[in-house]
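Throughout, the working numbering is defined as the position within the sequence shown, counted from one, plus 30.
As structure tokens, the structure follows; a few thoughts come after it.
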Amino acid sequence: MVVTQATSVDDTLSLVSDSARVIAAWRAIETEEGTPLCVDPFAAQLAGTHALKVARSMAQPFDGRNLPADSPHRHRAFKVSNVAPRVWWFDRQAEAALGGRTGGTPLTQVVVMGSGMDTRPWRCSFIPASARWFELDLPDMAAIKPRAMRALGAQTSGEESGAEHPLRCARWQALAADLSGASWVTQLEAAGFDRAQPALFILEGLLMYLLPAHAHLLLKTMAEVAAPGSVVVTHNITDRLVRGVADGSIAAYPPFSLDLVKTWYYGFADDTEAEFASLGWRVTECSPRSGLVRQVFGVTSDEELEGCCDFDCAVGGSIDSFSSFVTAVVAK
Ligand SMILES: C[S@@+](CC[C@H](N)C(=O)[O-])C[C@H]1O[C@@H](n2cnc3c(N)ncnc32)[C@H](O)[C@@H]1O
Numbered sequence: 031m032v033v034t035q036a037t038s039v040d041d042t043l044s045l046v047s048d049s050a051r052v053i054a055a056w057r058a059i060e061t062e063e064g065t066p067l068c069v070d071p072f073a074a075q076l077a078g079t080h081a082l083k084v085a086r087s088m089a090q091p092f093d094g095r096n097l098p099a100d101s102p103h104r105h106r107a108f109k110v111s112n113v114a115p116r117v118w119w120f121d122r123q124a125e126a127a128l129g130g131r132t133g134g135t136p137l138t139q140v141v142v143m144g145s146g147m148d149t150r151p152w153r154c155s156f157i158p159a160s161a162r163w164f165e166l167d168l169p170d171m172a173a174i175k176p177r178a179m180r181a182l183g184a185q186t187s188g189e190e191s192g193a194e195h196p197l198r199c200a201r202w203q204a205l206a207a208d209l210s211g212a213s214w215v216t217q218l219e220a221a222g223f224d225r226a227q228p229a230l231f232i233l234e235g236l237l238m239y240l241l242p243a244h245a246h247l248l249l250k251t252m253a254e255v256a257a258p259g260s261v262v263v264t265h266n267i268t269d270r271l272v273r274g275v276a277d278g279s280i281a282a283y284p285p286f287s288l289d290l291v292k293t294w295y296y297g298f299a300d301d302t303e304a305e306f307a308s309l310g311w312r313v314t315e316c317s318p319r320s321g322l323v324r325q326v327f328g329v330t331s332d333e334e335l336e337g338c339c340d341f342d343c344a345v346g347g348s349i350d351s352f353s354s355f356v357t358a359v360v361a362k
């Protein structure tokens with residue numbers, strides 16, 4: 031699918047909130063593939079001209095000659111980016127949780143922390159029509175998002191029923207909240223979150239921006255307000271990457287600029303399951319990025335994946351010690 035060139039929702043964002051545009055830009059590039067890992071018709075416009083240009087300049091030609099002959103991915107234009115398998119995985123985990131395949135109960139409340147330019151409420155057909163969808167982000171992002179989505183023809187409230195892109199859920203709300211504190215609970219409940227009902231929490235590309243104590247407080251508070259059956263789907267860099275960037279032994283983590291990487295403080299501990307257990311969550315899946323890529327391509331060997339990804343996708347390769355993907359159910 032070829033998406034229209036960005037017209038940009040021209041607002042000034044902080045470096046941290048601007049990171050949402052970087053992710054949107056890579057979703058836009060993935061959307062153009064013949065067999066894309068995600069289709070986001072809004073991503074190019076949300077990314078804006080600059081982020082899209084940077085991502086395009088970094089995209090590398092694909093060479094999947096070792097993939098099985100019948101692989102639907104053999105004819106990609108570009109190598110799979112660091113971002114695309116992550117979006118693919120979050121979509122599948124969210125679908126499983128909403129369908130009740132993770133915690134046993136179909137979930138109809140979704141809370142997206144650090145939602146940025148995420149467009150799942152409009153692009154994901156697996157969302158139950160009865161779902162209530164809450165997004166929380168910093169004030170600048172929370173203010174821009176509804177305007178940006180409406181400008182792209184997306185429905186943001188019940189009053190816009192004739193919109194070109196209807197909401198796939200019953201209600202969508204963007205809340206301004208600094209997730210490094212705990213005041214978000216009051217805001218969420220004031221917006222209609224029901225702590226008696228199980229919920230899906232999505233934390234994609236957020237935790238690294240928080241201080242370790244704040245990230246722990248967030249995960250712990252989520253566990254406190256989460257009814258039995260609630261699920262969290264998240265990922266993060268590891269503490270190893272944070273330490274390596276701090277002591278200068280790691281000087282690059284593409285496709286992210288070093289300036290952006292230096293705004294990352296919190297990484298998962300080596301024993302992520304124990305860390306989650308101490309915060310009220312029982313891990314049901316914990317995968318390195320190489321595991322995601324193997325799921326995406328349906329292959330197992332490093333040789334088959336040669337030329338497929340723009341990062342080291344070997345099992346145990348550098349990126350595996352720098353990031354981790356976690357699904358957990360609340361321990362109640
Ligand atoms: C890399 S973007 C990810 C956006 C989106 N989840 C995605 O994956 O496309 C990180 C998001 O976290 C938000 N964020 C960072 N620190 C935050 C904080 N303390 N409170 C709320 N949101 C925060 C940023 O504004 C930004 O939108």
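Backbone N, C-alpha and C define an ideal beta-carbon position, used for all residues, glycine too.
- Looking at 352, 344, 98, 131, the one whose alpha-carbon comes closest to that of residue 314 is 131.
- For residue 201, DSSP records a beta bridge to 162.
- Taking every protein chain shown into account, the CB of residue 153 has 16 or more other CB atoms within 10 angstroms, so this residue is buried.
- Separation of the CB atoms of residue 225 and residue 263 is rounded to 19 Å, and the pair is thereby denied contact status at 8 Å.
- Pairing residue 104 with residue 63, the inter-Cα distance amounts to about 11 Å.
- Ligand 1 approaches residue 235 closely enough that one of its heavy atoms is under 6 Å from the residue's Cβ.
- Residue 219 is classed as exposed because its beta carbon has fewer than 16 other beta carbons within 10 Å across all chains shown.
- Between the stretch 160-168 and the stretch 124-140 there are three or more C-beta pairs closer than 8 Å, enough to call the two in contact.
- The beta-carbon distance between residue 316 and residue 110, rounded to whole angstroms, is 21 Å. This is too long to meet the 8 Å contact definition.
- Uninterrupted beta strand (DSSP E) stretches at least 3 residues long and entirely within the stretch 95-139 do not occur.
- Relative to ligand 1, residue 171 has its C-beta within less than 6 Å of a heavy atom.
- Between residue 352 and the set 259, 250, 238, 308, the nearest pair of CA atoms involves 238.
- Not one heavy atom of ligand 1 sits closer than 6 Å to the Cβ of residue 277.
- Secondary structure at residue 233: strand, using DSSP grouped into helix, strand and coil.
- Assigned with DSSP and collapsed to three states, residue 239 falls in helix.
- Remark: the C-beta of residue 46 is in contact range of ligand 1, defined as less than 6 Å to any heavy atom.
- In this structure, the alpha-carbon of residue 102 lies about 44 Å from that of residue 243.
- Short note on residue 354: C-beta not closer than 6 Å to any heavy atom of ligand 1.
- As DSSP reads the structure, residue 293 sits in no beta bridge.
- Going by DSSP, residue 358 is part of the beta strand (DSSP E) stretching over 353-360.
- Residue state for residue 147 is assigned as coil, using DSSP reduced to three classes.
- Boundaries of the alpha helix (DSSP H) around residue 59: 45-61.
- In this structure, residue 239 has its beta carbon less than 6 Å from a heavy atom of ligand 1.
- Residue 166 counts as buried, since at least 16 other C-beta atoms from the protein chains shown sit within 10 angstroms of its C-beta.
- In the structure shown, the three-state DSSP call for residue 184 is strand.
- Residue 360 and residue 128 have their alpha carbons spaced roughly 15 Å apart.
- If you check the C-beta of residue 322 against ligand 1, you find no heavy atom less than 6 Å away.
- Taken atom to atom, the span from the alpha-carbon of residue 126 to that of residue 190 is near 29 Å.
- Residue environment analysis places residue 260 among the buried positions, since at least 16 neighbouring C-beta atoms fall within 10 angstroms of its C-beta.
- Residue range 302-308 is occupied by the alpha helix (DSSP H) that includes residue 308.
- Residue pairing of residue 167 in beta bridges, as defined by DSSP: 206.
- Counting only the Cα atoms, residue 98 lies some 32 Å from residue 148.
- With a cutoff of 6 Å, residue 280 does not count as near ligand 1, since its C-beta is closer than that to no heavy atom of the ligand.
- Inclusion of residue 50 in the 6 Å shell around ligand 1 follows from its C-beta lying nearer than that to a non-hydrogen atom of the ligand.
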